[in-house]
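K.L.:
Following the working numbering, the numbering of the sequence shown begins with 577 at its first residue and continues without gaps.
Note that beta-carbon positions come from the ideal geometry of N, C-alpha and C, so glycine has one too.
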Amino acid sequence: AHALTLKKGDYGNVILSKYPLLETKSIHLGVANDGDDIRSFGYALLEKEGKQFYFATTHLGYKKDDATRLKQIAEILAEIKNLKKPIILGADLNSRPNSQTMPALQKWFSLPCQTPNCEWTVPTPKPTYTCDWLIYAPQQAFEVKDYAVQFWADKESDHFPVVGTFNIK
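Written out as structure tokens, the structure reads:
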């Protein structure tokens, strides 16, 4: 999901999958006039063992004010509300568990860990809060088999990766 073009290349999000991408779409997300970067939201329809689902990705705005993230969440929810298949969203939400953005997301998505007990993801090597998530909808469509932060990966990014295993019901 291309967000913007920089002097040294493009910036955005990518979905890597060992399953064929049956359908893909990406959209630009707006900002609330606070100087934040343009962001994007992308999703792909996948099929595993005869069951179709969407996998999506985004990286929400980083400013301390939740206004841009709330606007971006509203745009994401408007985009996915008519999808007829379950969805998993892997994202840097730039949102702590106690932010205004998490309740807005939880109107649609479920969290695989219970806040505030989710493992911290940022910053490496000594994280102090969580802002990276794998969230899903509808809740009854998935069984979360495993969900964990990979603390061994402390040099690849300023965020630890989050890995989850979901069974599609």
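Alpha carbon to alpha carbon, what distance is there between Cys707 and Trp696?
P.N.:
Near 8 Å, if we compare the C-alpha coordinates of Cys707 and Trp696.
K.L.:
So, is Thr634 buried or exposed, given that buried needs 16 or more other C-beta atoms within 10 angstroms?
P.N.:
By the neighbour-count rule (16 or more Cβ atoms within 10 Å), Thr634 is buried.
K.L.:
When the Cα atoms are used, what is the spatial distance from Asn658 to Cys689?
P.N.:
Their Cα atoms are separated by approximately 26 Å.
K.L.:
Grab me the residues of Asn670's own chain with a C-beta within less than 7 Å of its C-beta, minus the 5 sequence neighbours each way, in chain order.
P.N.:
These residues qualify, in order along the chain: Leu636, Gly637, Tyr638, Arg645 and Cys707.
K.L.:
Less than 6 Å between C-beta atoms, sequence neighbours within five positions excluded: which residues of the same chain meet that for Thr600?
P.N.:
Taken in chain order, the residues that qualify are Ala620.
K.L.:
Starting from the C-beta of Asp737, find all residues in its chain whose C-beta is less than 6 Å away, skip the five residues before and the five after it, and write them out in chain order.
P.N.:
Per the sequence presented here, residue 737 reads as Pro, with Asp not at that position. Gln726 and Ala729, listed in sequence order.
K.L.:
Based on the DSSP secondary-structure assignment, which residues constitute the bridge partners of Ala667?
P.N.:
Partner(s): Thr634 and Trp709.
K.L.:
Count the other C-beta atoms from every protein chain shown that fall within 10 angstroms of the C-beta of Leu681, then say buried if there are 16 or more, exposed otherwise.
P.N.:
With 16 or more other Cβ atoms within 10 Å, it is buried.
K.L.:
Could you check what DSSP says for Gln676 in three-state terms: helix, strand or coil?
P.N.:
Gln676 falls in the coil class under three-state DSSP.
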